[in-house]
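Undergrad: Just dropping this structure here.
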Ligand code: KIV
Ligand code: ZN
C-alpha cells in the first residue's frame with residue numbers, strides 16, 4: 008500500500024464517527040479483506056463535475072462559499088473547476104484556491120500544455136489531467152491512435168511536473184478501455200512522474216464485482232495511489248467506489264448530493280458514511296457537517312434534495328408508522344442505522360395514515376399539549392380518517408386537532424382585511440397589508456425584490472420576526488398566460504418550539520394567491536389559542 012502522506016500534505020484525521028452509535032450489520036466485518044486501506048482521501052468535484060449537471064451554473068461567489076463549506080467539512084482535495092474552459096472558471100479557481108485553508112485545490116486540464124498553462128495562471132499547484140483511452144473515444148471523439156494518446160499523456164505530465172505541479176491523471180472511460188492498454192498507460196504515466204492515477208467509470212458502465220476485478224488488476228502495475236471516479240448511470244456509483252476501495256483504491260471522487268454529469272457522481276454523503284461504517288476507514292471528513300453542507304449546495308445550485316435520498320433526504324430519519332415510532336422512541340437503533348446527529352440532520356416523527364398513539368403523544372408533548380390516552384385515541388382516529396381521504400396533517404393541524412379535542416376552542420384569529428401592492432418599471436415593489444389578529448387590526452408595509460416578496464415581507468412586518476417563509480412553490484395549473492396558478496408555502500414560527508404550517512391557494516393573480524396561501528398557513532399556525 009502506498010503511503011498517502013508521501014504524496015499529500017499530512018492532514019490529521021478527525022474521527023467523528025462514534026462507532027458505538029452505528030448499528031450496521033455484523034456481516035460487514037466478516038466480509039472485510041486485507042486490501043482495504045486504513046485511510047481514504049476524499050476529492051470533491053462538486054465545483055467541476057457537479058457543475059456539469061444539466062442546468063447548474065454557479066457564480067464565483069457561490070463556488071467560494073461551497074469550497075469553504077467543503078474545506079470546513081474536511082475533504083482532502085477540492086476540484087475547483089476547469090480553468091481552460093473560460094475566464095470565469097479561471098477567476099473562480101483562483102478565488103477558491105485563496106479562500107480555503109485546509110484542503111488542497113486542483114483544477115481539471117486536458118492533456119495539453121495550453122490547458123496546463125491556464126491552470127498555472129490561476130496559481131493552482133495541483134492538476135487533474137485526463138485523456139480518453141477507450142477505443143470508442145479514440146475512434147469517435149479523439150480520432151487518435153493509442154500511441155498518440157499515450158505520448159500526449161506523458162508529455163503533459165512531464166510538462167506539469169516540470170512546473171512543480173502535483174499531478175493526478177485519468178484515463179477517461181477507463182472502465183471501457185482494453186485492460187492491457189490501460190495497464191500500459193498506467194506504467195507510462197508513472198514513468199513521467201505522475202503522483203496519483205484516477206480510474207474514471209465515465210459512463211457508469213461497470214458493476215461492483217467487475218470494479219473489484221479491474222482495480223485488483225491495475226494494482227499489479229500501479230505503485231502510486233489509485234483514485235476512483237464513478238458515475239451513477241446504473242445507480243452503482245457509490246457501490247462501485249466501495250468496490251474499488253475494497254481492492255486498494257486510496258482516494259474517491261465524490262460530489263455533494265451526487266450532482267454531476269447525467270445521473271451524477273458518487274454522492275459524498277453516502278460514500279463517506281459507507282466507507283466509515285462498513286469498512287472502518289479513517290477519513291478527515293467531519294460527518295456532522297454533512298447535512299448543512301448538503302443543504303447549502305442544494306440552495307446555491309437550485310437542485311432540491313429528493314426526500315427519500317439516503318442520509319440527507321427529509322425522510323432519511325422520518326418515522327411514520329406506529330410500530331416504527333414505538334421502536335424508535337424506545338431506542339433509535341431499532342429503526343435507524345445511526346442517529347441523525349451524526350450527520351447533522353434531525354429526526355422527524357411524521358403524522359399520517361400509519362401513525363399510532365405513541366407518535367401523537369410524543370409530538371403533542373413537544374408542543375406542550377397535555378392530553379389523556381382516551382383523547383390521544385380520538386386524535387389518532389381523526390388523523391386516520393383525514394389520511395384516508397388523502398389529507399396530510401401537518402404539526403400545526405395536529406395541535407389544532409388535539410386542542411379541539413381537549414376542549415380548547417379552536418378559533419381562526421388571523422384574517423386579512425386589506426391588501427395593496429405597487430409595482431412597475433423603475434419602482435421598488437411596495438406592499439401594504441392590514442391583518443386582524445385576535446380582533447385587533449394591525450397594518451404593515453414593506454418593500455421587496457418583487458411584488459410577492461414585498462407582500463410577504465409586509466405580512467411578516469405585522470406578524471413579527473419569528474415568522475419565516477421556509478418554502479415557496481409556484482406552479483401553473485394549465486398552459487397559457489391566463490393559467491390559474493397554485494401557490495404552496497411552508498411557514499415556520501420560531502420562539503419556543505418551532506412550529507410549521509403549510510398553506511395552499513389557487514388563483515389567477517400570482518401576488519394575491521401568494522398572499523392567500525401565506526394567510527392560510529398563518530391561520531393554522533395561530534389557531535391554537537395559547538399561541539396568540
Ligand atoms: O467522468 C470522467 O471521466 C471525468 C473525467 C474528466 C475524469 O469526469
Ligand atoms: Zn466525471
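Numbering (my numbering), first residue to last: 8 to 539.
Cβ atoms here follow ideal geometry from the backbone N, Cα and C, with glycine treated the same way.
Treat the numbers as computed from the prediction; the structure is a model and nothing was measured.
Report yes if the C-beta of residue 207 is less than 7 Å from at least one heavy atom of ligand 2; otherwise report no.
TA: Numbered from 1 along the chain shown, position 200 holds the residue referred to as residue 207. Residue 207: yes, Cβ under 7 Å from ligand 2.
Undergrad: Kindly list the residues whose CB is nearer than 8 Å to the CB of residue 195, restricted to its own chain and excluding five residues on each side of it in sequence; keep chain order.
TA: Mapped onto the chain shown, residue 195 falls at position 188. Here the set comprises 157, 160 and 161.
Undergrad: Please classify residue 242 as buried or exposed, where buried requires at least 16 other C-beta atoms within 10 Å of its C-beta.
TA: For the purposes of this step, residue 242 is taken as residue 235 along the chain shown, with counting starting at 1. Around the C-beta of residue 242, fewer than 16 other C-beta atoms lie within 10 Å, and the residue is accordingly described as exposed.
Undergrad: Taking 6 Å as the limit between beta carbons, can you name the residues of its chain near residue 5, skipping five residues before and five after?
TA: The question about residue 5 has no answer, for the chain in this structure spans 8 to 539.
Undergrad: Please classify residue 40 as buried or exposed, where buried requires at least 16 neighbouring CB atoms within 10 angstroms.
TA: By 1-based counting over the chain shown, the position of residue 40 is 33. Counting other Cβ atoms within 10 Å of its Cβ, residue 40 stays below 16 and is therefore classed as exposed.
Undergrad: Helix or strand or just coil, what does DSSP make of residue 417?
TA: For the purposes of this step, residue 417 is taken as the residue at position 410 of the chain shown. Reliability of the predicted coordinates at residue 417 is poor, the pLDDT of 48 falling under 50, and no value is obtained from them.
Undergrad: So the candidates are 272, 126, 499 and 68; which of them puts its Cα closest to the Cα of residue 477?
TA: In the chain shown, counting from the first residue as 1, residue 477 sits at position 470. Nearest C-alpha to residue 477: 499.
Undergrad: With hydrogens ignored, establish whether the beta-carbon of residue 264 is closer than 7 Å to any heavy atom of ligand 2.
TA: The residue given as residue 264 occupies position 257 in the chain shown. Checking the Cβ of residue 264 against ligand 2 gives no.
Undergrad: Measure the alpha-carbon distance for residue 93 versus residue 190 and round it to whole angstroms.
TA: Mapped onto the chain shown, residue 93 falls at position 86. Mapped onto the chain shown, residue 190 falls at position 183. Roughly 33 Å between the two C-alpha positions.
Undergrad: Should residue 177 be listed as close to ligand 1, given that the test is whether its C-beta is under 7 Å from any heavy atom?
TA: Within the chain shown, the letter at position 170 stands for residue 177. The answer is yes for residue 177.
Undergrad: Assign residue 218 to one of two classes, buried (16 or more other C-beta atoms within 10 Å of its C-beta) or exposed (fewer than that).
TA: What you label residue 218 is simply residue 211 of the chain shown in a count that begins at 1. It is buried - the Cβ of residue 218 has at least 16 other Cβ atoms within 10 Å.
Undergrad: Which same chain residues end up closer than 7 Å to residue 341 when comparing Cβ atoms and leaving out the 5 residues on each side of it in sequence?
TA: Locating residue 341 in the chain shown gives position 334, counting from the first residue. Around residue 341: 334 and 335.
Undergrad: Between residue 375 and residue 529, what straight-line distance do the alpha-carbon atoms span, to the nearest angstrom?
TA: Counting from one through the chain shown, the residue named residue 375 turns up at place 368. Counting from one through the chain shown, the residue named residue 529 turns up at place 522. Taking the straight line from one Cα to the other gives about 20 Å.
Undergrad: By Cβ distance below 7 Å, which residues in the same chain neighbour residue 184 in space, the five residues on each side in sequence not counted?
TA: Here the question's residue 184 lines up with position 177 in the chain shown. Only residues of its own chain outside the window of five on either side were considered, and among them 140, 141 and 178 have a CB closer than 7 Å to the CB of residue 184, listed in chain order.
Undergrad: Quick one: give me the first and last residue of the beta strand (DSSP E) that residue 51 is part of.
TA: Position 44 of the chain shown, counted from the start, is the residue given in the question as residue 51. That run of the beta strand (DSSP E) goes 48-51.
Undergrad: How would you call residue 483, buried or exposed, if buried means at least 16 neighbouring beta carbons within 10 angstroms?
TA: Here the question's residue 483 lines up with position 476 in the chain shown. Under this definition residue 483 is an exposed residue.
Undergrad: Could you give the DSSP three-state label for residue 94: helix, strand or coil?
TA: Position 87 of the chain shown, counted from the start, is the residue given in the question as residue 94. The answer is helix: DSSP assigns residue 94 an H, G or I state.
Undergrad: Buried or exposed: residue 273, going by 16 or more other Cβ atoms within 10 Å of its Cβ?
TA: Residue numbering aside, residue 273 sits at position 266 when the chain shown is read from its first letter. Buried.
Undergrad: Look up residue 527 in the DSSP assignment and say whether it is helix, strand or coil.
TA: Locating residue 527 in the chain shown gives position 520, where the first residue counts as 1. If DSSP states are grouped into helix, strand and coil, residue 527 belongs with the helices.
Undergrad: Mind the definition here: the stretch 297-304 touches the stretch 349-369 only if three or more C-beta pairs lie below 8 Å; say whether that holds.
TA: yes
Undergrad: Is it true that the CB of residue 403 sits closer than 8 Å to the CB of residue 470?
TA: The residue labelled residue 470 in the question sits at position 463 within the chain shown. The residue labelled residue 403 in the question sits at position 396 within the chain shown. At the C-beta level, residue 470 and residue 403 stay beyond 8 Å of one another.
Undergrad: Nearest CA to the CA of residue 253: which residue from 262, 400, 228 and 221?
TA: Stepping through the chain shown from its first residue, residue 253 is reached at position 246. Nearest C-alpha to residue 253: 221.
Undergrad: Quick check on DSSP: helix, strand or coil for residue 108?
TA: Within the chain shown, numbered from 1, the residue matching residue 108 stands at position 101. If DSSP states are grouped into helix, strand and coil, residue 108 belongs with coil.
Undergrad: Going by DSSP, name the residue or residues bridged to residue 205.
TA: Residue mapping note: residue 205 aligns to position 198 of the chain shown, counting from 1. According to DSSP, residue 205 bridges with 177 and 234.
Undergrad: Distance, Cα to Cα, residue 416 vs residue 410?
TA: By one-based count along the chain shown, residue 416 stands at place 409. By one-based count along the chain shown, residue 410 stands at place 403. At residue 416, the pLDDT of 45 sits below 50, so the modelled position is not reliable; the number obtained from the coordinates is stated separately. Computed Cα separation, rounded: 7 Å.
Undergrad: Measuring alpha carbon to alpha carbon, tell me which of 329, 523, 69 and 130 ends up nearest residue 427.
TA: For the purposes of this step, residue 427 is identified with residue 420 of the chain shown, where counting begins at 1. The candidate whose alpha carbon is nearest that of residue 427 is 523.
Undergrad: Label residue 248 either buried or exposed according to how many other C-beta atoms from any shown protein chain fall within 10 Å of its C-beta, with 16 as the threshold for buried.
TA: Residue mapping note: residue 248 aligns to position 241 of the chain shown, counting from 1. It is buried - the Cβ of residue 248 has at least 16 other Cβ atoms within 10 Å.
Undergrad: Taking the straight line between their C-alpha atoms, what separation do you get for residue 496 and residue 517?
TA: Translated into positions along the chain shown, residue 496 becomes position 489. Translated into positions along the chain shown, residue 517 becomes position 510. Spanning the two alpha carbons is a distance of roughly 13 Å.
Undergrad: Residue 367 and residue 325 look like a contact to me (Cβ under 8 Å); what is the Cβ gap, rounded to whole Å?
TA: Here the question's residue 367 lines up with position 360 in the chain shown. Here the question's residue 325 lines up with position 318 in the chain shown. Contact between residue 367 and residue 325 does not hold, since their C-beta atoms are separated by about 15 Å, which reaches or exceeds 8 Å.
Undergrad: Helix, strand or coil, according to DSSP, for residue 343 in the structure here?
TA: Locating residue 343 in the chain shown gives position 336, where the first residue counts as 1. Residue state, collapsed to three classes: coil.
Undergrad: Should residue 202 be listed as close to ligand 1, given that the test is whether its C-beta is under 7 Å from any heavy atom?
TA: By one-based count along the chain shown, residue 202 stands at place 195. Not under cutoff, so the answer is no.
Undergrad: Candidates 163, 260, 97 and 386: which alpha carbon is nearest residue 360's?
TA: The residue labelled residue 360 in the question sits at position 353 within the chain shown. That would be 386, whose Cα lies nearest to the Cα of residue 360.
Undergrad: Let me know if residue 146 comes out buried or exposed under the rule of 16 or more other beta-carbons within 10 Å of its beta-carbon.
TA: Indexing the chain shown from 1 puts residue 146 at position 139. It is exposed - the Cβ of residue 146 has fewer than 16 other Cβ atoms within 10 Å.
Undergrad: Tell me the DSSP secondary structure of residue 493 in three-state form.
TA: The count along the chain shown starts at 1 and reaches residue 493 at position 486. Reduced to three states, the DSSP call for residue 493 is strand.
Undergrad: Where in the stretch 123-201 do unbroken runs of the alpha helix (DSSP H), each at least 4 residues long, occur, reported from the N-terminal end onward?
TA: 153-169 and 186-198
Undergrad: Does DSSP put residue 482 in a helix, in a strand, or in coil?
TA: Taking the first residue of the chain shown as position 1, residue 482 is located at position 475. Of the three classes helix, strand and coil, the one that applies to residue 482 here is strand, per DSSP.
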